[in-house]
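In mature numbering (1 follows the signal peptide of the UniProt record, and there is no 0), the protein residues as written are -27 to -1, 1 to 174. Quick reminder that beta carbons are idealized off the backbone N, C-alpha and C, glycines included. Note that the coordinates shown come from a computational prediction; the quantities given were computed from them, not determined experimentally. Here the structure comes first, spelled out in structure tokens, and everything after it is commentary.
Below you can see the structure in the form of structure tokens.
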């Protein structure tokens, strides 16, 4: 068996294991695509199998984005929220990102963002790991539930809260007009335990 064939076989098997949890109750287009990839691989059509796996991977990433988006807070009473905007650049090594903008009764906004497996995490990781470096960058520690986040507040209304999870996720809140206590409350409503479970952290 060639090295390419061996790698493809591993990809087919790995994708099959990944989809198990997503299709335990019913068959769907993603599961069908993985099954088709297995058939094509068995028939010796490696290019076809790889193509089907590509479609299936895209489908899985889409569902994962939906699951990540479902962990974002619902708007507080009197607030509104835009639809979740999800971007997937995992194929380019840039990870996945989601944003949702919340608007208070006065028209002021807070944007919550999630970055997963993004190169940005490497830079932010150094700041989170070094209190002196964080202070030089204008950050201070902020407790969000049981988590240690970083706060940047210029006292002129511009607020940024960042929370790193497991070195793989970066949660951010940004506003230029909403008071800190309200931003913190919104951020604190994020379903972080569910995020960790989804990411296997």
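What separation, rounded to the nearest whole angstrom, lies between the Cα atoms of residue i and residue j?
| i | j | result |
| --- | --- | --- |
| residue 66 | residue 42 | Confidence is the limiting factor: at residue 66 the pLDDT is only 49, short of 50, which leaves the residue's position unreliable and the question unanswerable from this model. |
| residue 132 | residue 117 | 15 Å |
| residue 5 | residue 150 | 48 Å |
| residue 25 | residue 126 | 48 Å |
| residue 48 | residue 18 | 49 Å |
| residue 134 | residue 8 | 43 Å |
| residue 114 | residue 160 | 15 Å |
| residue 44 | residue 37 | 11 Å |
| residue 102 | residue 108 | 11 Å |
| residue 106 | residue 96 | 11 Å |
| residue 168 | residue 94 | 16 Å |
| residue 162 | residue 129 | 25 Å |
| residue 57 | residue 152 | 23 Å |
| residue 170 | residue 39 | 14 Å |
| residue 30 | residue 20 | 15 Å |
Mind checking who residue i pairs with in its DSSP beta bridge?
| i | result |
| --- | --- |
| residue 18 | Note: residue 18 sits in no beta bridge, so no partner. |
| residue 115 | 122 |
| residue 73 | 85 |
| residue 133 | 125 and 147 |
| residue 5 | In the DSSP output, where bridge partners are listed per residue, residue 5 has none listed. |
| residue 138 | 142 |
Of all the options the options, which has the alpha carbon lying nearest to the alpha carbon of residue i?
| i | options | result |
| --- | --- | --- |
| residue 3 | 154, 157, 33 and 75 | 33 |
| residue 28 | 10, 48 and 108 | 10 |
| residue 123 | 110, 152 and 36 | 110 |
Can you find the residues in the same chain that come closer than 6 Å, C-beta to C-beta, to residue i, ignoring five residues on each side of it along the sequence?
| i | result |
| --- | --- |
| residue 74 | 55, 82 and 84 |
| residue 86 | 72 and 145 |
| residue 51 | 78 |
| residue 91 | 68 |
| residue 148 | 83, 132 and 156 |
| residue 70 | 60 and 88 |
In terms of residue numbering, what span does the alpha helix (DSSP H) encompassing residue i cover?
| i | result |
| --- | --- |
| residue 108 | 104 to 109 |
| residue 57 | Element bounds for residue 57: n/a, residue is neither H nor E. |
| residue 153 | 153 to 161 |
| residue 165 | 165 to 172 |
Can you give me the Cβ contacts of residue i inside the same chain, cut-off strictly under 8 Å, excluding the 5 residues immediately before and after it?
| i | result |
| --- | --- |
| residue 53 | 75 and 76 |
| residue 172 | 89, 138, 139, 141 and 142 |
| residue 120 | 136, 138 and 165 |
| residue 158 | 49 |
| residue 100 | 106, 107, 110, 112 and 123 |
Go through its chain and collect everything with a Cβ distance to residue i's Cβ below 7 Å, but skip five positions before and after it.
| i | result |
| --- | --- |
| residue 98 | 137 and 140 |
| residue 174 | 138, 139 and 141 |
| residue 46 | 159, 162 and 163 |
With a threshold of 9 Å between beta-carbons, can residue i be considered close to chain B, or not?
| i | result |
| --- | --- |
| residue 114 | Of the chains in the structure shown, none is chain B; there is only one protein chain. |
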